[in-house]
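Below is one structure, written out as structure tokens, with a few remarks after it.
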Amino acid sequence: MGETEEVRLLGVWFSPYAIRPKIALRLKSVDYDYVEEDLFGSKSELLLKSNPVHNKVPVLIHNNKPILESLNIVEYIDETWNASGPSILPSHPHDRAQARFWSAFVDDKWFPALKAAAITKSEEAKEKGMKEVEGGLLQLEEAFVSISKGNPFFGGEAIGFMDICLGSFVGILKAREKLKGEKLLDESKIPFLCKWANEFLSDDTVKNVVPEIDKVVEFLGELEVRAQSAVSKT
Amino acid sequence: MGLISDEYVRLLGAWPSPFVLRTRIALNLKRVPYEYLEEEDSLNSESVLNYNPVHKQIPILIHGNKPIRESLNIVMYVDETWLSGPPILPSDPFDRAVARFWDVYIDEHCFTSINGVAVAKDEEERKAAIAKLEMCMALLEETFQECSKGRGFFGGDNIGFIDIGFGSMLGPLKVLEKFTGVKFIHPETTPGLFHWADRFYSHEAVKPVMPDIEKLVEFARLKFNTSIFK
Numbered sequence: 001m002g003e004t005e006e007v008r009l010l011g012v013w014f015s016p017y018a019i020r021p022k023i024a025l026r027l028k029s030v031d032y033d034y035v036e037e038d039l040f041g042s043k044s045e046l047l048l049k050s051n052p053v054h055n056k057v058p059v060l061i062h063n064n065k066p067i068l069e070s071l072n073i074v075e076y077i078d079e080t081w082n083a084s085g086p087s088i089l090p091s092h093p094h095d096r097a098q099a100r101f102w103s104a105f106v107d108d109k110w111f112p113a114l115k116a117a118a119i120t121k122s123e124e125a126k127e128k129g130m131k132e133v134e135g136g137l138l139q140l141e142e143a144f145v146s147i148s149k150g151n152p153f154f155g156g157e158a159i160g161f162m163d164i165c166l167g168s169f170v171g172i173l174k175a176r177e178k179l180k181g182e183k184l185l186d187e188s189k190i191p192f193l194c195k196w197a198n199e200f201l202s203d204d205t206v207k208n209v210v211p212e213i214d215k216v217v218e219f220l221g222e223l224e225v226r227a228q229s230a231v232s233k234t
Numbered sequence: 001m002g003l004i005s006d007e008y009v010r011l012l013g014a015w016p017s018p019f020v021l022r023t024r025i026a027l028n029l030k031r032v033p034y035e036y037l038e039e040e041d042s043l044n045s046e047s048v049l050n051y052n053p054v055h056k057q058i059p060i061l062i063h064g065n066k067p068i069r070e071s072l073n074i075v076m077y078v079d080e081t082w083l084s085g086p087p088i089l090p091s092d093p094f095d096r097a098v099a100r101f102w103d104v105y106i107d108e109h110c111f112t113s114i115n116g117v118a119v120a121k122d123e124e125e126r127k128a129a130i131a132k133l134e135m136c137m138a139l140l141e142e143t144f145q146e147c148s149k150g151r152g153f154f155g156g157d158n159i160g161f162i163d164i165g166f167g168s169m170l171g172p173l174k175v176l177e178k179f180t181g182v183k184f185i186h187p188e189t190t191p192g193l194f195h196w197a198d199r200f201y202s203h204e205a206v207k208p209v210m211p212d213i214e215k216l217v218e219f220a221r222l223k224f225n226t227s228i229f230k
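In the order they appear, the protein sequences are chains L and X.
Under the UniProt record's numbering, the first residue of the first sequence is numbered 1, with each subsequent residue one higher.
Under the UniProt record's numbering, the first residue of the second sequence is numbered 1, with each subsequent residue one higher.
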């Protein structure tokens with residue numbers, strides 16, 4: 001006995017943020033309806049209604065209640081379906097604080113630095129930005145070694161919160177390597193993270209959720225063309 | 001073997017910081033005995049660099065010998081470690097998600113706008129930041145009505161995660177009100193927040209640690225060398 005739970009996820013295929021709840025839902029074996037939002041077009045009524053503050057994906061709608069912000073959604077999934085699948089967040093308060101700290105580092109410092117370096121037209125800013133990105137990866141390598149304690153993932157033997165957070169960007173890193181020859185996942189500098197990245201991509205819960213690298217390469221190329229044509233119109 | 005919650009607790013902080021204030025309120029709520037260490041110059045402090053080499057910022061909670069960083073992280077850690085006091089985050093997963101969402105909003109939009117008003121280089125910039133901040137207040141008024149459901153706090157009958165997150169910004173807001181003449185929290189435009197602020201200030205976990213407004217005003221004058229503070 002139990003009510004039919006209605007679980008819907010609004011996302012866009014490319015978004016690393018939308019990938020996160022998908023992985024979490026798979027970890028917990030939760031069935032859901034996926035609604036693809038139009039990346040370049042207008043936002044759906046449902047999205048505007050569910051996220052009036054930010055109008056952004058991903059949005060999880062569980063029994064008509066919207067949950068917003070990717071990492072928030074992951075925590076919500078972990079707490080709601082706590083009886084099924086592995087725990088996504090660690091159980092010890094200090095380890096949880098660590099996971100939240102490093103994921104905030106990734107989202108608030110590291111990825112914004114990568115995004116800024118990718119967009120900027122200034123060579124100087126690009127170089128400075130990429131140094132910051134590389135420095136961040138070195139810090140994450142150290143964090144991984146200390147947190148994983150010899151296990152394949154930040155979460156230990158199974159994928160956890162920090163794996164989902166950083167792992168959602170691995171596709172973009174690999175795509176940029178193909179498109180730009182940018183070797184951020186450099187085995188000589190961050191050997192543990194490189195190994196982790198491959199383990200992450202081959203994991204069963206991630207395999208069919210993360211978009212194919214070639215599709216991402218194509219999409220990044222398209223983004224660049226759009227950005228350039230936008231500039232030439234001004 | 002003692003309980004982990006019995007291990008020695010230290011907090012590295014700075015009295016003007018709203019982020020440090022959050023952590024002190026949380027510790028007070030749970031009646032956790034702790035040693036408070038004022039770090040006047042956090043960027044050059046050895047302890048801060050040692051315990052938070054990534055961001056070099058306070059607050060830092062040191063429990064036993066483990067550092068916990070970032071104010072909201074610390075508040076959650078305190079809530080999860082000292083289970084005997086009143087809960088800071090609600091128990092229902094959806095309500096928890098709502099609480100976390102609003103505290104992130106407060107940091108990313110509200111606090112950013114407060115800072116925006118303080119550092120604005122000209123009248124136009126300042127007006128834009130003030131407008132943004134007023135929008136934040138309107139949204140938070142709505143949120144207060146929804147979350148409190150007629151009770152005294154965002155957290156219900158007692159202060160919770162959003163109360164702590166937003167209440168810590170009341171000092172900086174009052175400072176801005178003094179310098180700009182704009183009333184961000186007003187009995188007519190934000191009646192819920194207006195009365196909530198009084199209740200928050202008088203709460204036993206808040207009163208002893210809320211910085212004196214005159215001292216904050218003086219601090220702002222010295223720190224921000226922009227037009228509104230002259």
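Note that the Cβ used here is the ideal one computed from N, Cα and C, for glycine as well.
The criterion of a C-beta distance shorter than 8 Å is satisfied by residue 63 (chain L) and residue 6 (chain L). As DSSP reads the structure, residue 153 (chain L) sits in a beta bridge with L:156.
Distance from the CA atom of residue 51 (chain L) to the CA atom of residue 227 (chain L), rounded to whole angstroms, is 27 Å.
Neighbours of residue 105 (chain L) in chain X, taken as residues whose beta carbon is under 9 Å from its own, are 54 and 55 in chain order.
Contact note: residue 96 (chain L) reaches chain X through 76, 77 and 80, using a C-beta cutoff of 8 Å and chain order. Listed in chain order, the alpha helix (DSSP H) elements of length 4 or more contained wholly in the UniProt domain "GST C-terminal" (92-224) of chain X are 93-105, 112-119, 123-148, 161-167, 170-180, 191-202 and 213-223. Measuring C-alpha to C-alpha distances from residue 159 (chain X) to each of X:171, X:144 and X:173 identifies X:144 as the nearest.
Fully enclosed alpha helix (DSSP H) runs of no fewer than 4 residues occupy 18-29, 46-51 and 71-81 of the UniProt domain "GST N-terminal" (7-86) of chain X, in order along the chain. Between residue 118 (chain L) and residue 205 (chain L), the alpha-carbon positions lie close to 29 Å from each other. Assignment of residue 11 (chain L) by DSSP, reduced to helix, strand and coil, places it in the strand class.
Taking 3 residues as the shortest admissible run, the UniProt domain "GST N-terminal" (5-85) of chain L contains the following complete beta strand (DSSP E) segments, listed from N- to C-terminal end: 7-11, 33-36, 59-62 and 65-68. Straight-line spacing of the CA atoms in residue 200 (chain L) and residue 197 (chain X) works out to 47 Å. Under the three-pair Cβ rule at 8 Å, the region 195-215 of chain X counts as touching the region 12-25 of chain X. Taking a cut-off of 8 Å for Cβ pairs, the region 95-107 of chain L and the region 40-50 of chain L do not touch, as fewer than three such pairs fall below it. Contact of residue 139 (chain L) with chain X by beta-carbon distance below 8 Å involves 54. Using a Cβ-Cβ cut-off of 8 Å, residue 198 (chain L) is close to nothing in chain X; its nearest Cβ partner there is about 26 Å away. Under the Cβ distance rule, residue 93 (chain X) counts among the residues neighbouring chain L, one pair being separated by less than 8 Å. Annotation note: the UniProt domain "GST C-terminal" (92-219) of chain L contains no uninterrupted beta strand (DSSP E) run of length 3 or greater. With contact defined as three or more Cβ pairs closer than 8 Å, the region 58-73 of chain L and the region 51-64 of chain X are not in contact.
Counting every other CB atom within 10 Å of its CB across the protein chains shown gives residue 151 (chain X) a total below 16, marking it as exposed. Excluding its 5 nearest sequence neighbours in each direction, residue 111 (chain X) has C-beta neighbours in its own chain below 7 Å: 169, listed in chain order. Between residue 217 (chain L) and residue 183 (chain L), the C-beta gap is not smaller than 8 Å, which leaves the two residues out of contact. In this structure, the straight-line span from the alpha carbon of residue 157 (chain L) to that of residue 7 (chain X) is close to 29 Å.
In the same chain as residue 45 (chain X), and ignoring 5 residues on each side of it, the C-beta atoms closer than 6 Å to its own belong to 39, in chain order.
Contacts with chain X at 8 Å (Cβ-Cβ) do not include residue 64 (chain L). Close CB contacts of residue 114 (chain L) within its chain, under the 6 Å cut and outside five residues either way in sequence, are with 133 (chain order). By the CB criterion at 8 Å, residue 162 (chain L) and residue 155 (chain L) fall inside the cutoff. Contact between residue 140 (chain L) and residue 185 (chain L) does not hold, since the beta-carbon distance rounds to 11 Å and is not under 8 Å.
Distance between residue 217 (chain X) and residue 178 (chain X), taken at the CA atoms: about 8 Å. Non-local beta-carbon contacts of residue 122 (chain L) in its own chain, meaning distances under 6 Å to residues more than five positions away in sequence, are absent. Contact annotation, residue 36 (chain L) with residue 12 (chain L): C-beta distance approximately 7 Å; criterion of less than 8 Å satisfied. Sequence-distant partners of residue 21 (chain L) (beyond 5 residues in either direction) whose C-beta falls short of 7 Å from its own C-beta, in its chain, are 9, 58, 60, 70, 73, 74 and 77. Residue 104 (chain X) reaches chain L at 69 and 72, counting residues in chain order whose Cβ is nearer than 8 Å. Cβ contact annotation for residue 43 (chain L) (same chain, cutoff 8 Å, sequence separation greater than five): 37 and 55, in chain order.
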